[in-house]
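Structure, as structure tokens:
Numbering (UniProt numbering), first residue to last: 1 to 189.
Here is the structure:
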């Protein structure tokens with residue numbers, strides 16, 4: 001059975017920390033692929049700063065050079081709250097020949113107790129978490145841990161830098177940097 005990592009997130013914008021995390025988990029768990037799943041309406045945030053289409057395109061352009069990375073537009077097409085349980089169940093129905101692992105950062109590990117129908121979700125998919133500076137990785141739920149090099153970078157920090165007219169170059173993959181510049185994204189938050 002093919003092992004697939006599911007990496008959901010707002011990706012607002014995608015940054016190099018996301019890419020490092022995805023590759024580290026893929027290698028550690030010997031996953032065939034990582035599917036990036038941009039959320040439509042994340043339950044834990046108010047809304048994304050830019051459209052789902054722009055976020056998906058930034059992901060698509062950034063992962064194009066890695067044949068082990070794919071983008072999945074399922075949550076954007078569904079158009080409602082992006083509950084992981086719905087997504088996992090739909091993917092399992094569409095791809096019964098694949099075993100899915102859901103990838104989360106240390107910040108999400110700590111908040112698992114507040115996730116939509118978490119007990120049911122735990123029965124549907126295995127969670128793989130990665131360390132993140134400033135988070136303890138504390139949880140009562142079974143989450144396998146993958147250590148990655150400490151990298152303190154976040155999408156919110158990138159948006160704040162853009163707001164202050166500071167560079168984000170090298171914090172995001174080059175395709176994201178040029179996409180943001182070309183489209184004038186995050187200029188007036």
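Note that beta-carbon positions come from the ideal geometry of N, C-alpha and C, so glycine has one too.
{"Query": "Counted within 10 angstroms of its Cβ, other Cβ atoms place residue 171 as buried (16 or more) or exposed", "Result": "buried"}
{"Query": "DSSP state of residue 191 mapped onto helix, strand, coil", "Result": "This structure cannot speak to residue 191, because the chain is shown only from 1 to 189."}
{"Query": "Alpha helix (DSSP H) runs contained entirely in the UniProt domain \"Cytidyltransferase-like\" (6-161), provided each spans 4 or more residues", "Result": "16-29, 52-63, 74-78, 84-94, 106-110 and 118-124"}
{"Query": "Neighbourhood of residue 194 by C-beta distance below 7 Å, restricted to the same chain and skipping five residues each side", "Result": "The chain is shown from 1 up to 189; residue 194 falls before or after that span and cannot be answered."}
{"Query": "At least three beta-carbon pairs within less than 8 Å, the stretch 155-171 to the stretch 117-133", "Result": "no"}
{"Query": "Pair within 7 Å by beta-carbon distance, residue 75 and residue 84", "Result": "no"}
{"Query": "Residue of 24, 33, 40 and 15 minimising C-alpha distance to residue 6", "Result": "33"}
{"Query": "Top-ranked residue by Cα proximity to residue 70, from 23, 45, 51 and 108", "Result": "23"}
{"Query": "Nearest-angstrom Cα separation, counted from residue 38 out to residue 77", "Result": "10 Å"}
{"Query": "Where residue 180 falls: helix, strand or coil (DSSP)", "Result": "helix"}
{"Query": "Same chain only: Cβ atoms within 6 Å of residue 150, ignoring 5 sequence neighbours per side", "Result": "133"}
{"Query": "Cβ separation of residue 173 and residue 56, assumed to be a contact under 8 Å, to the nearest whole Å", "Result": "Not confirmed; about 14 Å, so no contact."}
{"Query": "Neighbour flag for residue 18 against chain D, beta carbons, 7 Å", "Result": "Structure shown: chain D not included; a single protein chain is present."}
{"Query": "Beta-carbon gap between residue 139 and residue 112 smaller than 7 Å", "Result": "yes"}
{"Query": "Residues of its chain near residue 1, where Cβ-Cβ distance is below 7 Å and the 5 sequence neighbours each way are ignored", "Result": "97, 98 and 99"}
{"Query": "Whole-number beta carbon distance between residue 129 and residue 104, since they are thought to touch under 8 Å", "Result": "5 Å"}
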